[in-house]
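Residue numbers (my numbering): 353 to 693.
Positions of the beta carbon are idealized from the N, C-alpha and C atoms, including for glycine.
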Ligand SMILES: Cc1cc2nc3c(=O)[nH]c(=O)nc-3n(C[C@H](O)[C@H](O)[C@H](O)COP(=O)(O)OP(=O)(O)OC[C@H]3O[C@@H](n4cnc5c(N)ncnc54)[C@H](O)[C@@H]3O)c2cc1C
């Protein structure tokens with residue numbers, strides 16, 4: 353038996369402190385609670401999570417689209433997460449993702465088709481059936497039926513309410529220093545844990561939130577783009593999140609003019625009615641990433657760190673939480689994602 357296994361076995365029925373109420377800590381607390389482990393969730397910010405990365409995400413649950421260049425573990429855990437979203441939040445929109453390209457970018461669409469799985473080719477009429485607003489605008493595309501999307505700013509409060517319903521205390525405005533904490537804990541501080549995780553870096557992402565009544569989309573639509581995969585995610589109330597840049601920079605002082613132009617142009621080329629939409633917000637945040645862009649669950653004595661969710665926090669958090677809960681409650685290990693020290 354390893355030292356960490358002994359430490360967690362000794363922890364017995366002690367309350368586990370989960371630190372950070374972003375998507376990672378929230379799902380980890382939920383899965384621990386479901387496994388019968390006493391748990392409390394501690395968050396530095398208020399319920400709006402202004403300083404979290406999760407607040408700014410697209411919220412796409414897209415293991416197929418993300419299989420382009422991602423480690424296999426991302427796809428495996430991503431597919432498992434979809435089941436967990438479905439089970440715990442049955443209202444989760446699981447309507448698939450649509451990927452389209454303009455004729456000049458057809459080569460990029462073909463490459464994307466070769467490098468991803470879980471899709472089928474769709475022609476003009478099926479695109480029109482799936483998304484009537486795009487009728488006549490694109491001749492070919494890819495449809496990924498087994499994907500979904502959530503609105504981060506709605507789903508995080510819903511998950512927090514579910515935790516409270518289960519009797520899990522959530523302490524907002526409560527910063528915890530894991531080095532000073534005595535009991536068993538799971539550190540889900542995202543990029544704020546960087547001082548303890550020297551390999552972690554932030555990868556800048558920028559988004560635009562716009563509103564228009566002139567376009568209706570049911571599911572995320574990705575538009576092939578020579579530099580970034582650009583997407584438009586529908587939100588309730590005629591709002592659309594347009595994302596996202598991927599830039600090796602930790603400057604979150606603002607969205608660059610160039611990124612704003614590219615995001616808004618992408619939406620406009622998807623549908624010209626976006627030209628009349630109102631810009632509600634330009635947002636930027638840092639994705640916490642390890643060098644291989646895969647997540648890690650690092651176990652050291654009775655402390656566990658879950659981090660490096662990169663572009664896939666909403667996609668991966670449920671399954672990562674389940675891996676943590678399986679280990680804490682039953683000693684089960686997932687060697688593809690867990691590390692010991
Ligand atoms: C523009 C953009 C678009 C994205 N789109 C998607 C997408 O479509 N799908 C997807 O799956 N992923 C997406 N992501 C990635 C996703 O947002 C991240 O992987 C995820 O939010 C990381 O979550 P986290 O819980 O690890 O970190 P965070 O969300 O940053 O949460 C960490 C929390 O810990 C708290 N904290 C920090 N220090 C302390 C302390 N000492 N004590 C207590 N609390 C503390 C912070 O306040 C914060 O609330 C996107 C990211 C960006 C930037």
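| Asked | Found |
| --- | --- |
| Cβ contact check for the segment 416 to 436 and the segment 662 to 676: 3 or more pairs under 8 Å | yes |
| Length of the line joining the Cα atoms of residue 403 and residue 397 | 7 Å |
| Residues sharing a beta bridge with residue 473, DSSP | 494 |
| Three-state class that DSSP yields for residue 632 in the structure shown | strand |
| Short Cβ contact (8 Å threshold) for residue 416 with residue 492 | no |
| Residue 371: CB within 7 Å of a non-hydrogen atom of ligand 1 | yes |
| Same chain, Cβ closer than 6 Å to residue 630, neighbours up to 5 away in sequence not counted | 563 |
| Limits of the unbroken beta strand (DSSP E) element including residue 586 | 582 to 587 |
| Of the listed residues 640, 525 and 520, nearest to residue 546 (C-alpha basis) | 640 |
| Buried versus exposed call for residue 609 [16 or more other C-beta atoms within 10 Å across all chains shown] | exposed |
| Helix, strand or coil at residue 615 according to DSSP, with G and I counted as helix | helix |
| Entirely enclosed alpha helix (DSSP H) segments - the segment 419 to 460, minimum 4 residues | 424 to 440 |
| Alpha carbon of residue 606 to alpha carbon of residue 558, nearest angstrom | 9 Å |
| Given residue 612 as reference, the closest of 456, 483, 399 and 593 once Cα atoms are compared | 593 |
| DSSP three-state assignment for residue 678, whether helix, strand or coil | helix |
| Neighbourhood of residue 387 by C-beta, 6 Å cutoff - its chain only, sequence neighbours within 5 removed | 677 and 681 |
| Same chain, Cβ closer than 7 Å to residue 483, five either side skipped, listed in chain order | 450, 569, 570 and 573 |
| Three-state secondary structure assigned by DSSP to residue 687 | coil |
| Same chain, Cβ closer than 7 Å to residue 363, neighbours up to 5 away in sequence not counted | 536 and 654 |
| Contact check, residue 575 vs residue 501, beta carbons under 8 Å | no |
| Residue 389 to residue 485 span [Cα, whole Å] | 47 Å |
| Whole-number beta carbon distance between residue 448 and residue 490, since they are thought to touch under 8 Å | With 8 Å as the limit, residue 490 and residue 448 do not qualify as a contact, their Cβ atoms being about 16 Å apart. |
| Residue 394, enclosing beta strand (DSSP E) - first and last residue | 391 to 395 |
| Which of helix, strand or coil DSSP assigns to residue 591 | strand |
| Short Cβ contact (8 Å threshold) for residue 377 with residue 370 | yes |
| Cβ shell of residue 644 (< 8 Å), same chain only, five flanking positions each side left out | 423 |
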